[in-house]
Amino acid sequence: MKNNIINGTVIKVTKEYVVLMTDDGMFKNIQRSSSDPVPILGQQFYYTERRQNKLKWQKYVTVAAVFLLLIFSATMMPFKHEDPVYIVAIDINPSIEIFVDDNLQVIKAKGLNDEGKEIIDLAYQDNLLSFIEEIINQSVEKGFLHEYNQAVITTVAPEIESDELTLKEIEELINRSFENKALKAKVVTATASNNVYEAAKDANLSINHYRVYANLKRQGIVQDLDEIIGKNIFELERASNNESRSQQGTSQKPNEKENKQQSDRTPPIVSEEGKQNTITPPSLEDEVTNVEKSVPDRAKEKKPGLVKEMNQGLPSSTINDNNSMRRDR
Amino acid sequence: MADKSIFQQFIIQAKNGSEIARENIISYYKPYIINTVGHLSKRYITWSDEEASIGLIAFNRAIDSYDDQGGRSFLNYAYLLIKRDLIDYYRREKPRQHISMNYSTEKNDITNNQMEVKNSFESFHQTQETQDLVEEILELDRNLNLFGISFEELEYYSPKHKDTRKTLFLMANRFIESQEFIETLLTKKRLPLKSFAKKTGYRIKTIERHRKYLITLIIVKLNPKWIHLSQYIKDS
């Protein structure tokens, strides 16, 4: 193993250390024994750092760390959802999930379809907001996102409590990017609770997909998961919105009450493992917080509680293979 | 003291009997005195050791007898007097088996004091450049003490990677662009973390993690007269 030679100027000598200022402007404390001669201030000092010993020491630490990690992960697994890590799911045509820590630093990003993977390769940034901005830029450049006929759906899970990340911030950023690119696509943003996130995981769907599915199921449009397999998220979102509008056209207020009652009655996440592929969605009015933004008109006609949006219509030509959007967790 | 005119004033005042000026000079050069005594004694010396007192007395005498017309820098002169007194001390103490200095060993037991002084001056001929660097180090140390920072802490706050180092250098440059930030730093003796982070977009955690190192960079950058230290933090 190559030794590391440290060269610097002595700026202080204490009982335990010779403090060096190295040529690249760093500071280094070199261990000294009390019997060592005392170098004088301003003197050039060379020191060879023995890496071999350090590595030997590190070897034991690594083994200990692996054991600790095993114990830690074994005990913490059931509470994994409590980890202070956000998952930001973005569906344009590329479908992407971004895992960030509570400082908005991207831990990893996952493309849920081929376009998503391509965009991640092109747009990867360490900071979440810069990353989202770059995703939009690259989506426009690659032609995935174009004027009047596309949407961006974003969900953040679990629900945000920290000041450091707000939906509004993400939404403003997306809208700003749209303005820069002269786009008028709609933006749907939402947060999802841990229950929704877990349920989506159980259903093997992305959070956005699951959220729309849950919405449709609550409206009675679909009965079980099989019906939405192979459907594009935007089609589903549109179907959900159409249903909302038709219901609003007939009896808006009572329907809202009815939905509320229905959602109240709905138990939170029931997955009958193995028996049938049916998952009852959690009550979204409780667990999904939606934020309205962007262009006007039909958004105000939407049923309150669920995703409010600026609808510009979504083309089915941008259909995305749903299977490729499944989570591979 | 890096500012030679101020130092000259202090020396003149001290020679004229100003205890405050004398105290200022001694207090300023204390790290130098203890380091020199330790270096000459070849072991770590604390202020409770007798050698430290000898060094201090010699230094005090250097203030009285220093003549800047003699063509020798004050630090060289003080070093010489400290060394001479320590040699005398060890010679007196030799029968008591104290640690002795190298060149008064059995082989070359030169008893001629003048010769020793000559040798010592030859063996310690620091260039003007090195002396200026020492002066700058002492002044930086004094400045950092005002912020509660000591040199040995800086390793912990130093960046471990080149990229982080570059970022911190840029951060320091951004900081000194704002007169408001500089004033807050110098008057309140602390970094205006939030406002700086807000203005520049740097993460508070990053700034906090390297806070003391960043302050050091800023202090050095605010003192371009420290030409030697400035070389160490030159933007690459």
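The listed protein sequences correspond, in order, to chains W and S.
The numbering of the first sequence is the numbering used here, which starts it at 641 and goes up by one.
The numbering of the second sequence is the numbering used here, which starts it at 29 and goes up by one.
All C-beta atoms, glycine included, are put in the ideal place defined by N, C-alpha and C.
Treat the numbers as computed from the prediction; the structure is a model and nothing was measured.
Just so you know, the alpha carbons of residue 748(W) and residue 738(W) end up roughly 6 Å apart. Straight-line spacing of the CA atoms in residue 122(S) and residue 74(S) works out to 21 Å. Here residue 187(S) is buried. Its C-beta has 16 or more other C-beta atoms within 10 Å. The stretch 74-89 of chain S and the stretch 54-64 of chain S touch, with three or more beta-carbon pairs separated by less than 8 Å. Within 7 Å of the CB of residue 186(S), the CB atoms of chain W belong to 666, 667, in sequence order along the chain.
Nearest C-alpha to residue 251(S) among 236(S), 208(S), 200(S): 200(S). For residue 735(W), DSSP records a beta bridge to 731(W). At a cut-off of 7 Å between beta carbons, residue 655(W) contacts chain S.
In this structure, the CA atom of residue 244(S) is about 33 Å from the CA atom of residue 82(S).
Going by C-alpha positions, residue 793(W) is about 31 Å away from residue 233(S). Residue pairing by DSSP places residue 646(W) opposite 687(W) in a beta bridge.
Counted as a single uninterrupted DSSP element, the stretch harbouring residue 863(W) is not any beta strand (DSSP E), since DSSP gives it neither H nor E. The shortest C-alpha to C-alpha distance from residue 740(W) to any of 734(W), 651(W), 680(W), 765(W) is the one to 765(W). Any Cβ of chain W closer than 7 Å to the Cβ of residue 70(S) would place that residue at the interface, and such an atom is present. The way I'd put it, the stretch 846-853 of chain W doesn't touch the stretch 806-822 of chain W; fewer than three beta-carbon pairs between them come closer than 8 Å. Rounded to the nearest angstrom, the Cβ distance from residue 36(S) to residue 49(S) is 11 Å, too far for a contact under 8 Å. Residue 835(W) does not reach chain S, its nearest Cβ partner there being about 31 Å away, counting only Cβ pairs nearer than 8 Å. Rounded to the nearest angstrom, the gap between the Cα atoms of residue 773(W) and residue 757(W) is 16 Å.
One finds 165, 179 in chain S with Cβ atoms closer than 7 Å to the Cβ of residue 651(W), taken in chain order.
Distance from the CA atom of residue 165(S) to the CA atom of residue 651(W), rounded to whole angstroms, is 6 Å. For residue 97(S), there are no CB contacts under 7 Å within the same chain when 5 residues up- and downstream are skipped. When Cβ-Cβ separations below 7 Å define contact, residue 740(W) makes no contact with chain S.
In this chain, the alpha helix (DSSP H) harbouring residue 839(W) covers 834-842.
The beta carbon of residue 94(S) is closer than 7 Å to those of 39, 102, 105 in its chain, skipping five residues each way along the sequence.
Within the stretch 203-231 of chain S, the residues whose Cβ lies closer than 7 Å to any Cβ of chain W are, in chain order, 231. Taking C-beta atoms as the reference points, residue 729(W) and residue 848(W) count as a pair closer than 7 Å. When only Cα atoms are considered, residue 710(W) and residue 702(W) end up about 12 Å apart. For residue 659(W), the nearest CB of chain S lies under 7 Å from its own CB, placing it at the interface with that chain.
With 16 or more neighbouring CB atoms inside 10 Å of its own CB, residue 169(S) falls in the buried class. Under the three-state reduction of DSSP output, residue 660(W) falls in the strand class.
Against residue 158(S), the close residues of chain W are 682, in the order they occur along the chain (beta-carbon pairs closer than 7 Å). In the displayed model, residue 667(W) falls within a strand according to three-state DSSP. Take the alpha-carbon of residue 33(S) and the one of residue 43(S): they are about 15 Å apart. For residue 652(W), the pairing in a beta bridge is given by DSSP as 659(W). For residue 56(S), no CB of chain W lies under 7 Å from its own CB, so it is not counted at the interface with that chain. Ranked by Cα distance from residue 235(S), the options 197(S), 212(S), 92(S) are led by 197(S).
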